[in-house]
Amino acid sequence: MTTAIGLGLTAGTAMAVPVARPVAVVQPTQVITPDTAASVRRAWESRGRPHHMAVVRDYRIDLATDGRVTRQVGRASGTVTIADLDRALPSDWLKVTDGTATLDATLVLTPRVALQLGGSGSPVHTVALAGGATQADAASIHTGSGRLAINGITVTSVDPATGQPLPPEAKGRPTIVASGGGRLDITDATINDLGAVSDGTPGADDDGNAAVEFHKGSTGSLVRSTVARGSTGVQLSHSEGVQIDQLTVSDSAEDGLVLAGDEGTTMSGIRATGNGENGVLVSGASGGRPINGISTNANGAFGVAVVGENGTQISAVDTTADQAGGLRISRSTGITVTGYTATDQRLGVFTHVHSSGIVLDGIQTTGGTRGLVVEKSTSGLQARNSTFSGARVAGVAVNGNDITLDDVHVYDSRSAVRVDRGAHDIRLTGLTVEGGRDGLVTAAGTSGLVVTDLAVNGVESDGVRSFTPDARITGAQITGGGTGLDLAAGATVTNSTITAAREGIRSRSPEQVYASGITVDTTELGVNSAQGSPFTLVDSNVHALESVRGVVTQQGANDLSLPPLNLLGAVGVPLILLAVVLEELHTFRQRRLGGATRRRRPPLPMEAL
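Residues in the sequence shown are numbered consecutively from 1, following this note's numbering.
Right, dumping it as structure tokens:
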């Protein structure tokens, strides 16, 4: 009898022969830890709560729907590509057809993860990021603390309902974001129709987002690439060491390129054209990184706007036909601008809102309405070695304080330099004016005007028209025009020459005008002092058909006489030409009226000879 021991069988019961059964293979279950769920949730909350989100880690991809992790897919190490994502993501999240990858999920990279879009050998030439009416619809790409490289492809938005790019006002238009600690490199790529504009409501949380954004602590590069039809095109916000080279930003709904508190940015070959607001907006106290290598055209506001900057160097900037103007400097100090040009700008350079310590060196403006405008709250501005040509209103318009123009040339402008009401402590040294209507024009309510070595040639009307009390003019050379000096307020004029104008000095000032060591050689009137206008002439030469008109007090040795022969000749030649023309007209009229002609004498007979 067989005894069963320890098997739980009663005595007398035989042990059955065991039957062999197949062993089942147990599939490992996904373990979504609380830490993983919380991490994904935080990423989802901070990125607009997208409907679909994929968090790419160094060994797996977490898939989340409306903030809840629904699946985890393992992946091999190395750089992630579209092909890797295509294997891991659901088919309705990513479709690859005929070289176009349509992505309907936000991607978030984590540390040590690199994502490559495009590049050598890639079968994908276009990545379309889905979006819609709300921010949750946007399939944006975030570097997180990882690395994203976009090479040689086009990235655009797409509306799944229509298959067309999304308009900038769509709140769910996606964007490309370099997050803190992350790196974004875009090379030989085209970025179209990304980013959502702000709703414009003061205090609203929705400030919009740019097509391409570099956030605080991020870095990377934009090289030989184009960003078109974005909300804002590209924004660098407290980024570090970003390289921008051969970048075109065009047709943005708002600003083209925004540099906000970025550090160590290097830039060259930047083109900003056709953007709705500024071509380039610089702000945020960057720590002195230079702004250079920029050209702008046909932007809705200014070509380049500098706001709230300190110690910034601006150079090699070329602006053309932007609607508000070329360069705007606002709430900034210690700004130096060199090698700047503006063509057909409403305002070539505009400084305002308590800007100070501005140096404009070697700038050139051509055409437009005004070359340089210095608003009343600007102080401590110096413009030197600069040229303003063809301004329809004024080459330079000054309404600030402590303003210096040094070796400035103004050509063919309606008014070369205007000093407007409220300006004070204005110093003009080596100012040269060629052509145009008026040279220097100053308004009442100005003070502290000092003009040294002024040269005015060939203006149509006044070389200087001054309403500034106690103006000081020394070493002026004025040639041609209607009136050399038209003084409506007290002034001191020394060591100056007025030649070939119709009128030398016109004084209509109720305060004293003092002229010493001046030479006036004019065609009609030398010094014209209106009634009640005190005028003192000291050690001067005044030569004109009428040397002095009105009451003039003389001191020292003055020479008052007719103009020199060359000026008389200049007057006489036009008169002779006029006489010839009148004679010809008279003869022509006589012939038309059948006037008598001279009768010839009959020939004498031969015998009379």
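Backbone N, C-alpha and C define an ideal beta-carbon position, used for all residues, glycine too.
If you check the beta carbons only, do Gly-256 and Gly-279 fall under 8 Å apart?
yes
Length of the line joining the Cα atoms of Leu-545 and Leu-485:
18 Å
Under the three-state reduction of DSSP, which class applies to Ser-179: helix, strand or coil?
coil
3 or more residues per run - each beta strand (DSSP E) lying fully within the region 386-420
394-398, 401-411, 415-419
So what does DSSP say about Val-584, is it helix, strand or coil?
Looking at the sequence itself, residue 584 is Glu, so the reference to Val does not match. Here Glu-584 sits in helix by DSSP.
Local conformation of Arg-465 per DSSP, three classes:
strand
Sort out for me which residues DSSP pairs Thr-154 with in a bridge.
Thr-126, Thr-190
Own chain residues within Cβ distance below 6 Å of Val-373, not counting five before or after
Leu-347, Phe-350, Ala-397
Can the beta-carbon of Leu-129 be found closer than 8 Å to that of Val-158?
yes
Contacting residues, own chain, Cβ-Cβ under 6 Å from Asn-401 (five flanking each side not counted):
Ser-379, His-424, Asp-425
Excluding the 5 residues flanking Val-124 on each side, which residues of the same chain have their C-beta closer than 8 Å to its C-beta?
Ile-82, Val-96, Gly-99, Thr-100, Ala-101, Leu-117, Gly-118, Ile-153
In the structure shown, what three-state DSSP assignment does Thr-265 receive?
coil
Just to confirm, is the Cβ distance from Thr-156 to Thr-126 under 8 Å?
yes
Drop a sphere of 10 angstroms on the beta-carbon of Leu-585, count the other beta-carbons inside from all chains shown, and report buried for 16 or more, exposed for fewer.
exposed
For Thr-499, is the classification buried or exposed, using 16 other Cβ atoms within 10 angstroms of its Cβ as the cut-off for buried?
buried
According to DSSP, is Thr-336 part of a helix, a strand, or is it coil?
strand
Residue burial classification, Ser-355 (beta-carbon count within 10 angstroms, cutoff 16)
buried
Assuming Leu-454 and Ala-476 make a contact with CB atoms under 8 Å, what is their CB distance in whole Å?
4 Å
Counting pairs of beta carbons, one from the region 135-145 and one from the region 73-91, are three or more of them closer than 8 Å?
no
Along the chain, where does the beta strand (DSSP E) containing Val-542 start, and where does it finish?
541-543
Thinking C-alpha only, which one of Gly-371, Ile-291, Asn-192, Ser-332 is nearest Asp-412?
Gly-371
Neighbour-count burial assignment, Arg-289, 16 or more Cβ in a 10 Å radius:
buried
Asn-209 - partner residues in DSSP beta bridges
Ala-196
Buried or exposed for Val-456, please, with buried defined as at least 16 other CB atoms from any protein chain shown within 10 angstroms of its CB.
buried
Note down the Cα distance separating Phe-467 from Leu-525, rounded to an integer number of angstroms.
21 Å
Have a look at Leu-431 and Gln-246 and give me their C-alpha separation to the nearest angstrom.
38 Å
Straight-line gap, Gly-490 to Pro-534 (C-alpha atoms, nearest Å):
9 Å
Residue span of the beta strand (DSSP E) that contains Arg-370, given as start and end
370-374
Starting from the N-terminal side, write out each stretch of the beta strand (DSSP E) that is 3 residues or longer and does not extend beyond the region 447-517.
447-452, 455-457, 462-466, 471-474, 477-479, 483-487, 491-494, 497-499, 503-507, 513-516
Got a sec, what are the start and stop residues for the beta strand (DSSP E) Asp-318 sits in?
313-320
Using a 10 Å radius around the Cβ and a threshold of 16 neighbouring Cβ atoms, would you call Pro-111 buried or exposed?
exposed
For the alpha helix (DSSP H) containing Leu-85, list its first residue and its last residue.
82-88
Can you tell me which of the three DSSP states Ala-136 falls into?
helix
DSSP has Thr-97 in a bridge; who is on the other side?
Thr-100
Please classify Phe-214 as buried or exposed, where buried requires at least 16 other C-beta atoms within 10 Å of its C-beta.
buried
With a cut-off of 8 Å on the beta carbons, I'd call Ala-471 and Ser-507 a contact; round off their distance for me.
That pair is no contact at about 12 Å.
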